[in-house]
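>
In full-length UniProt numbering, the protein residues as written are 1 to 684.
1) Kindly indicate which three-state DSSP category residue 48 falls into: helix, strand or coil?
2) Since residue 621 sits in a beta bridge, which residues does DSSP pair it with?
3) Just grab the DSSP bridge partners of residue 685 for me.
4) Of all the options 528, 491, 169, which has the alpha carbon lying nearest to the alpha carbon of residue 578?
5) DSSP on residue 76, reduced to helix/strand/coil?
6) Considering only the beta carbon of each residue, do residue 500 and residue 447 sit closer than 8 angstroms?
7) Please state whether DSSP places residue 86 in a helix, a strand or coil.
8) Relative to the C-alpha of residue 338, which residue among 317, 291, 432, 305 is closest?
9) Going by DSSP, what residue range makes up the alpha helix (DSSP H) through residue 336?
10) Taking the CB atoms as reference points, tell me whether residue 173 and residue 217 lie closer together than 8 angstroms.
11) Could you pull out every residue in the same chain whose Cβ sits closer than 7 angstroms to the Cβ of residue 310, ignoring the five residues on either side in sequence?
12) May I ask you to report which of helix, strand or coil DSSP gives residue 674?
13) Counting pairs of Cβ atoms below 8 angstroms between the region 249 to 263 and the region 149 to 157, do you hit three or more?
14) Hey, residue 282 and residue 668: beta-carbon distance below 8 angstroms or not?
15) In the DSSP assignment, what are the bridge partners of residue 126?
16) Under a three-way DSSP split, which group does residue 107 fall into?
17) Apart from the five residues on each side of it in sequence, which residues of its chain come closer than 7 angstroms, Cβ to Cβ, to residue 52?
18) Distance check for residue 334 and residue 677, CA to CA, integer angstroms please.
19) With a CB to CB cut of under 6 angstroms and the five nearest residues on each side skipped, what residues in its chain are close to residue 269?
20) CB residue 243 to CB residue 277, shorter than 8 angstroms?
21) With DSSP as the reference, label residue 138 as helix, strand or coil.
22) Report the three-state DSSP secondary structure of residue 528 (helix, strand or coil).
23) Have a look at residue 54 and residue 103 and give me their C-alpha separation to the nearest angstrom.
24) Cα separation between residue 397 and residue 170?
25) Is the Cβ-Cβ distance between residue 638 and residue 614 less than 8 angstroms?
26) Secondary structure at residue 459, three-state DSSP: helix, strand or coil?
27) Of the residues 212, 481, 324, 131, which one's Cα is nearest the Cα of residue 125?
28) Given a threshold of 16 other Cβ atoms within 10 Å of its Cβ, counted over all protein chains shown, does residue 665 qualify as buried or as exposed?
29) Under 8 angstroms by Cβ, that's how I've got residue 61 and residue 372 pegged, so tell me the actual separation to the nearest angstrom.
30) So, with DSSP's three-state summary, where would you put residue 159?
31) Quick one: what does DSSP say residue 682 is sitting in, helix, strand or coil?
32) What's the C-alpha gap between residue 151 and residue 380?
33) Could you tell me which residues DSSP puts in a beta bridge with residue 643?
34) I need the DSSP call for residue 477, collapsed to helix, strand or coil.
35) Spell out the partners DSSP gives residue 68 in its beta bridges.
36) Which residue from 573, 80, 308 puts its Cα closest to that of residue 258?
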């Protein structure tokens, strides 16, 4: 425990995981094992032991050695002023923010893999949209989350299917004290006008037999402020970005029951209501501006999770869930259509039901053998017009997996996993414009996955890990059945018999400590995607999704964190990636910069006051596959100040995009200019 105690005492939040020693079956002993860059300026786990800390934030299924997630805690998210999950995830090396300008969606790429290839979970429960596997992570607020976790290399197959490129987990808060809570409010200004507010509140209670956590949050933006240098009437006027309103609300109720020391049963309800608009394209190409609006982007999640200790050897974990998604899109293709409310209509009413079981056995010394089974049923229902009958599509996915953790000796660990997944296509039914109904044939798929990792822990706390994997992803309902690309005005040919994508990956990671105040993690990796599902042009007006050969990603991730004289905390995140599309007909990989970097410094001249300066920069990236549109590279500076007036009561202020830089993640879709925030928070 010397390494962990040192990290806690110096408040250096670097690379922490637990190692369970099962040599004494009556009492499980914790030692530090492997590492995950938390990229924090303050310790994510400053109190309690490592076991308690992991239980608070890690909700994915995995053996201890196999859990390689990188953790971003709530304190760091707040200091860096990250209000939504997509922005926050981009702090982690290897994760780059991606924006779909035509839909105003914020997503991320993880070492080149997009949102379809990296599933998203709430407390280990899958929440990605059944139809296309995507999520607009800009609709997911960071308030009232305990942490964000990203698994990039070895990703435990015990967690379920379709983790070809890793996984992202959002862990909700649970109380740590008998009674605790907070309430906060922040007001935003842009171009001299108040344009947004951000508020949240939570209340938690904890006793010997369980706990209750209730929280709510809202972020509302009346308009996005334009940089002063942007003089484009299509983009907006009077400093206001056209068609840029949004309103996101979320409520969470979590009830936990802890009848015994090692048993826990949790029931969670999450309701998210979102509304958003899509600012029009205002770039240099011939792309026409659109004025789309989503009056409904709502998700509702119900899930149960249980952990039961069965004697000295076995542990049973269980989960069951239902996740619903409702989405209404109003497509206005001109400013005149917007003013006259004349446009096309699309409505989704989707749901997912699922369940899973994991049984693990603690064997000799620190060995552990685990088995898991998952069932997931996805239903997509879609209307193309109001009051029209629903098109309906249904898939059922199963997964069986096993993982073995082997302690070769006191310093060397090996973990390996396998899984067999299969997807049954149960229904594919579409209403045609002529009144007929098309029923698509079943297109069942199966896939075998495997991976292994070996890790050596040096006596000086450094560690090196090498992992190899071969994982798959089944094509989504949209990839198989879509008949149009309205954002591009194109018709799509269905392809129900698409094969599963596969990724063969190699990852080498070294975790090092320069001294007790400084640490780093460096990774090099190679990802080869075969049978990649990409859109190919049949002619100017027609496309089809196809298994289009191979895409390779090679890259480097680097994270550094340190502390100077107990007053200055420094963090750096750097990513370098090269993409190589083997089929030249497919073109360029979009939304993926070659280099991204984020650095931050927090200065605490005296205890009540802290000042944080952060800088984000990235190189250029392609905005379309033929390479004709490109978003230029940029750098953006942000500052924030926090001051604690009395214990529990604090105020804060921040300036984002200090130099009012005109920049874009997608060419023609300019981001917000300089904006100001001031807030107050009370914690008890």
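For each residue, glycine too, the CB sits at the ideal point set by N, CA and C.
So, from the data block:
1) The predicted position of residue 48 is uncertain, since its pLDDT is 28 and thus under 50; a value taken from the coordinates is nonetheless stated next. In the structure shown, residue 48 sits in coil (DSSP, three-state: anything other than H, G, I, E or B).
2) 631, per the DSSP bridge assignment.
3) In this structure the chain extends from 1 to 684, so residue 685 is not present and cannot be described.
4) Distance from the Cα of residue 578 is smallest, within the candidate group 528, 491, 169, for 528.
5) In the three-state scheme derived from DSSP, where H, G and I count as helix and E and B as strand, residue 76 is classed as helix.
6) Contact check for residue 500 against residue 447 passes: the beta carbons are separated by less than 8 angstroms.
7) The three-state secondary structure of residue 86, taken from DSSP, is helix.
8) Comparing Cα positions, the closest option is 291.
9) Element bounds for residue 336: 335 to 340.
10) Against a cut-off of 8 angstroms, the Cβ pair of residue 217 and residue 173 comes out as no contact.
11) Leaving aside the five residues that flank residue 310 on each side, the residues in its chain whose CB is nearer than 7 angstroms to its CB run, in chain order, 316.
12) If DSSP states are grouped into helix, strand and coil, residue 674 belongs with coil.
13) Because the criterion of three Cβ pairs below 8 angstroms is not met, the region 249 to 263 and the region 149 to 157 do not touch.
14) Yes, the pair counts as a contact, with Cβ atoms nearer than the cut-off.
15) Looking at the DSSP output, residue 126 bridges to 121.
16) In the three-state reduction of the DSSP assignment, residue 107 falls in the strand class.
17) The predicted model places residue 52 with a pLDDT of 34, which falls under 50 and marks its position as unreliable; any figure quoted below should be read in that light. Same-chain partners within the cutoff: there are none.
18) Looking at the two C-alpha atoms, the distance is approximately 33 angstroms.
19) Non-local beta-carbon contacts of residue 269 in its own chain, meaning distances under 6 angstroms to residues more than five positions away in sequence, involve 253, 302 in chain order.
20) Cβ atoms of residue 243 and residue 277: closer than 8 angstroms.
21) The answer is helix: DSSP assigns residue 138 an H, G or I state.
22) Looking at residue 528 - three-state DSSP - the assignment turns out to be strand.
23) For residue 54, the predicted structure reports a pLDDT of 47, less than 50, and the residue's modelled location is therefore unreliable. The matter cannot be settled from this model.
24) Distance between the alpha carbons of residue 397 and residue 170 is about 22 angstroms.
25) With a cutoff of 8 angstroms on beta-carbon distance, residue 638 and residue 614 are scored as near each other.
26) Three-state DSSP puts residue 459 in coil, outside helix and strand.
27) Selected option, being the one with the closest Cα: 324.
28) Buried: at least 16 other Cβ atoms inside 10 Å.
29) Right, the Cβ-Cβ distance comes to about 6 angstroms (below 8 angstroms), so this counts as a contact.
30) Note: residue 159 maps to helix in three-state DSSP.
31) DSSP places residue 682 in strand when its eight states are reduced to three.
32) One C-alpha to the other measures close to 28 angstroms.
33) According to DSSP, residue 643 bridges with 609, 651.
34) Of the three classes helix, strand and coil, the one that applies to residue 477 here is helix, per DSSP.
35) In the DSSP assignment, residue 68 is bridged to no other residue.
36) Of the listed residues, the one whose Cα sits closest to residue 258 is 308.
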